[in-house]
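Numbering (the UniProt record's numbering), first residue to last: 1 to 137. Heads up, the beta-carbon is just placed ideally off N, CA and C, and yes, glycines get one too.
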Amino acid sequence: MGDKWMLFGTYEHCMDAKQRLTLPAKLRNKLSNPIYLTKGFEADLEIWSKDDFLLQIKENLNKISDQKDIRDLERIIWSNTVEIGIDNLGRIKIPYNLIQSLNIEKDVFILGLGNRLEIWSKNKYNQHKKELLKENS
Numbered sequence: 001m002g003d004k005w006m007l008f009g010t011y012e013h014c015m016d017a018k019q020r021l022t023l024p025a026k027l028r029n030k031l032s033n034p035i036y037l038t039k040g041f042e043a044d045l046e047i048w049s050k051d052d053f054l055l056q057i058k059e060n061l062n063k064i065s066d067q068k069d070i071r072d073l074e075r076i077i078w079s080n081t082v083e084i085g086i087d088n089l090g091r092i093k094i095p096y097n098l099i100q101s102l103n104i105e106k107d108v109f110i111l112g113l114g115n116r117l118e119i120w121s122k123n124k125y126n127q128h129k130k131e132l133l134k135e136n137s
């Protein structure tokens, strides 16, 4: 696809023993290498295109006025981001440090959110969704 992705839907998948996750065909056919995998602001991982990732960082940093807070956010974002590729079988390899820091389990949900994907541990996403529904009822 071109510069803009249109990603949507919720997909349940499993990570294999080598920390690889097969992306749903409906999603991976819209992605192009390289992609950027980073820690999200909740208990999730996010997949971005390069252009959208850089734009998102810029927008978040522009909301902060304190220079120390900017540096802290930059440290968190940049130190928890990796450039990865999708292999010929449609899989991505998720680095162990990101899996461990977020306690991502074998069973995951992959969410299409317009210009990015989120990867959630199945249990954490179900809990998060339950809390959202409770707050909005």
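Checklist entry - Considering only the beta carbon of each residue, do ASP44 and GLU118 sit closer than 8 Å? => result On the sequence shown, position 44 is the one that residue 44 refers to. On the sequence shown, position 118 is the one that residue 118 refers to. Cβ atoms of ASP44 and GLU118: closer than 8 Å.
Checklist entry - Terminal residues of the continuous alpha helix (DSSP H) containing ASP52? => result On the sequence shown, residue 52 is found 52 positions in, with the first residue counted as 1. ASP52 -> alpha helix (DSSP H) spans 50-62.
Checklist entry - How would you write the range of the alpha helix (DSSP H) that ILE99 sits in, first residue to last? => result Mapped onto the sequence shown, residue 99 falls at position 99. Its alpha helix (DSSP H) spans residues 96-102.
Checklist entry - So, helix, strand or coil for SER65, using DSSP? => result Position 65 of the sequence shown, counting from 1, holds the residue named residue 65. Correct three-state label for SER65: coil.
Checklist entry - When the Cα atoms are used, what is the spatial distance from TRP48 to ARG75? => result Indexing the sequence shown from 1 puts residue 48 at position 48. Indexing the sequence shown from 1 puts residue 75 at position 75. C-alpha separation (whole angstroms): 18 Å.
Checklist entry - Are the CB atoms of GLY9 and LYS26 nearer to each other than 8 Å? => result The sequence position of residue 9 within the sequence shown is 9, counting from 1. The sequence position of residue 26 within the sequence shown is 26, counting from 1. Taking 8 Å as the Cβ cut-off, GLY9 and LYS26 qualify as a contacting pair.
Checklist entry - What number of angstroms, rounded off, separates the C-alpha of LEU23 from the C-alpha of ILE92? => result Translated into positions along the sequence shown, residue 23 becomes position 23. Translated into positions along the sequence shown, residue 92 becomes position 92. Between LEU23 and ILE92, the C-alpha separation is close to 7 Å.
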